[in-house]
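Engineer:
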Amino acid sequence: DAGVIQSPRHEVTEMGQEVTLRCKPISGHDYLFWYRQTMMRGLELLIYFNNNVPIDDSGMPEDRFSAKMPNASFSTLKIQPSEPRDSAVYFCASSLLAGSYNEQFFGPGTRLTVL
Amino acid sequence: QKEVEQNSGPLSVPEGAIASLNCTYSDRGSQSFFWYRQYSGKSPELIMFIYSNGDKEDGRFTAQLNKASQYVSLLIRDSQPSDSATYLCAVNSYSGAGSYQLTFGKGTKLSVIP
Numbered sequence: 006d007a008g009v010i011q012s013p014r015h016e017v018t019e020m021g022q023e024v025t026l027r028c029k030p031i032s033g034h035d036y037l038f039w040y041r042q043t044m045m046r047g048l049e050l051l052i053y054f055n056n057n058v059p060i061d062d063s064g065m066p067e068d069r070f071s072a073k074m075p076n077a078s079f080s081t082l083k084i085q086p087s088e089p090r091d092s093a094v095y096f097c098a099s100s101l102l103a104g105s106y107n108e109q110f111f112g113p114g115t116r117l118t119v120l
Numbered sequence: 077q078k079e080v081e082q083n084s085g086p087l088s089v090p091e092g093a094i095a096s097l098n099c100t101y102s103d104r105g106s107q108s109f110f111w112y113r114q115y116s117g118k119s120p121e122l123i124m125f126i127y128s129n130g131d132k133e134d135g136r137f138t139a140q141l142n143k144a145s146q147y148v149s150l151l152i153r154d155s156q157p158s159d160s161a162t163y164l165c166a167v168n169s170y171s172g173a174g175s176y177q178l179t180f181g182k183g184t185k186l187s188v189i190p
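First to last, the protein sequences are chains L and H.
Under our numbering, think of the first position of the first sequence as 6, with each following residue one higher.
Under our numbering, think of the first position of the second sequence as 77, with each following residue one higher.
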């Protein structure tokens, strides 16, 4: 399996622009997670899906952020409008289950820079 | 608010020594604990997990858990320069709807000096 796939790997945009990050989870994994990592705040969970349904979006920082999972093999995280403080590395992860002992597999991440 | 605390480091150890990484957590209901390794510019990768009090060994790595003290640690024996990375402690807690969430610490940066 190719693992979790994310695109783009790097994104540089200007404040106010719309940004769309994409993720393809590992085939057969029922859970998909979006994380954001910064030096100040570490790795934070933004939202996660179970069987394409959003379960918990309490980590989404504000209404500028939205996430969708139209099918089992694709998810998007959208920021509109983007702001410089959104600059971070965004990781997508997937897991087979979400049990207590289940491993999450991370994608390579998207490094977002908002100027 | 569930919190996971780690010393940010950097922790420097000579090659061949034992590196000791520590983590404390706030949620007493936490059931399992994970150690991820993250090389600079890369994504986190799982090293091992533990869910019972005591020690769990896997090669050069030993995870230790003390739920009464809400403390988990990772020992790396015979440290190698290739172990130089940031180590993230993650705590799995029930979040409702039959599923669990990982809460990550900010990580400890380890540097193994040749």
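Ideal Cβ positions, reconstructed from N, Cα and C, are used throughout, including at glycine.
Treat the numbers as computed from the prediction; the structure is a model and nothing was measured.
#1: What do you reckon, are the CB atoms on Leu50 (chain L) and Tyr36 (chain L) nearer than 8 Å?
#2: Please go through the same chain and pick out, in chain order, the residues whose beta-carbon is closer than 7 Å to the beta-carbon of Ile123 (chain H), but skip the five residues on each side of it.
#3: Assuming Gln42 (chain L) contacts Arg27 (chain L) under a Cβ cut-off of 8 Å, what Cβ separation, rounded to an integer in Å, is found between them?
#4: Using the rule of at least 16 other Cβ atoms within 10 Å of the residue's Cβ for burial, across every protein chain shown, is Met44 (chain L) buried or exposed?
#5: In the DSSP assignment, find the beta strand (DSSP E) that holds Asn55 (chain L) and state where it starts and stops.
#6: Taking 8 Å as the threshold, find out whether the region 70 to 81 of chain L comes into contact with the region 84 to 91 of chain H through three or more Cβ pairs.
#7: My output table needs one value for Asp91 (chain L): the three-state DSSP class, helix, strand or coil.
#8: Just verifying my parser: in three-state terms, what is the DSSP assignment at Pro66 (chain L)?
#9: Whole-angstrom Cβ separation of Phe110 (chain L) and Gly8 (chain L), contact assumed at under 8 Å?
#10: Within its chain, find whatever has a CB closer than 6 Å to the CB of Ser80 (chain L); leave out the 5 residues flanking it on each side and keep chain order.
#11: Please list, in chain order, the residues of the region 138 to 166 of chain H that have any C-beta partner in chain L closer than 7 Å.
#12: Going by CA-CA distance only, name the one from L:Ser32, L:Asp61, L:Pro86 that's closest to Met20 (chain L).
#13: So, Tyr127 (chain H) versus Gln146 (chain H), is the Cβ gap smaller than 8 Å?
#14: Quick one: Cα of Ala166 (chain H) to Cα of Ser71 (chain L), how far?
Structural biologist: Taking the structure as given:
#1: no
#2: Trp111, Tyr112, Arg113, Phe137
#3: No, Gln42 (chain L) and Arg27 (chain L) are not in contact; Cβ-Cβ is about 18 Å, not under 8 Å.
#4: exposed
#5: 47 to 55
#6: no
#7: helix
#8: coil
#9: 6 Å
#10: Cys28, Leu37, Met74
#11: Leu164
#12: L:Pro86
#13: no
#14: 25 Å
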